[in-house]
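Chemist: Here it is: the structure, laid out below.
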DNA sequence: GCCAACGTTGGC
DNA sequence: GCCAACGTTGGC
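Numbering (the working numbering), first residue to last: 554 to 698.
In structure tokens, the structure reads:
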């Protein structure tokens, strides 16, 4: 079963543009230090997709990522407790979907982004994924590349 | 094992 | 800059 995800980053710390510059090889998504977030990372499989959400000054879903390496020990974690995955940028949303847009859409009221706003790695349902892709100007559900 | 204090995240 | 949510720490 293909699952969908949402990964959060403050653009000052790691932005979509930086991610794009890493190209097809991708880049380790490190620094997760929360056990719920870790549990979600552990479920990720190569080939699955995730939204890239800018928290803080961005507050919008700006692009689509693909998992290119399954979970492995986070090299930045000295306690060897947490895990990382590698992700690559697939494509930007032609029209970023802002947090305000998500709040204004009743069909997205159950999103983890609203219910658990501090969780940095979140699951997204297939229905939520399709709707946000459409809101963002992607009709192919982020699958056309 | 409980709980107060504290630190961090992230929206506003 | 403020504050709510929430995870972690440490005293008992």
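Just so you know, even glycine gets a beta-carbon here, dropped at the ideal spot from N, CA and C.
Since the structure is predicted, the reported quantities are computational estimates derived from the model, not experimental observations.
Quick check on residue 669: buried or exposed, where buried means 16 or more other Cβ atoms within 10 Å of its Cβ?
Modeler: Per the 10 Å Cβ criterion, exposed.
Chemist: So what does DSSP say about residue 642, is it helix, strand or coil?
Modeler: Residue 642 falls in the strand class under three-state DSSP.
Chemist: With residue 582 as the anchor, note down where its beta strand (DSSP E) starts and where it stops.
Modeler: That run of the beta strand (DSSP E) goes 580-582.
Chemist: Is residue 631 helix, strand or coil when you go by DSSP?
Modeler: Residue 631: coil per DSSP, three-state reduction.
Chemist: Between 661, 644, 642, which lies nearest to residue 651 when the distance is taken from Cα to Cα?
Modeler: Comparing Cα positions, the closest option is 661.
Chemist: In whole angstroms, what separates the C-alpha of residue 593 from that of residue 675?
Modeler: In a straight line, the C-alpha of residue 593 is about 7 Å away from that of residue 675.
Chemist: Between residue 666 and residue 562, what straight-line distance do the alpha-carbon atoms span, to the nearest angstrom?
Modeler: Those two C-alpha atoms are separated by around 13 Å.
Chemist: Would residue 599 pass as a contact of residue 585 if the rule is Cβ separation under 7 Å?
Modeler: No; because the gap between Cβ atoms is not below 7 Å, this pair is not in contact.
Chemist: Between which two residues does the alpha helix (DSSP H) carrying residue 591 extend?
Modeler: Where residue 591 is concerned, the enclosing alpha helix (DSSP H) stretches over 588-595.
Chemist: Taking residue 561 as part of the beta strand (DSSP E), name the residues at either end of that continuous run.
Modeler: Residues 557-562.
Chemist: Could you give the first and the last residue of the continuous alpha helix (DSSP H) run that contains residue 687?
Modeler: Here the alpha helix (DSSP H) through residue 687 covers 679-688.
Chemist: For residue 699, which of helix, strand or coil comes out of DSSP?
Modeler: Examination of residue 699 is not possible in this model, given that the chain is present from 554 through 698 alone.
Chemist: Within the continuous alpha helix (DSSP H) that includes residue 667, where are the two ends?
Modeler: Run containing residue 667: 665-668, per the alpha helix (DSSP H) assignment.
Chemist: What residues in its chain sit with their C-beta under 8 Å from that of residue 680, if we drop five residues either side in the sequence?
Modeler: 660.
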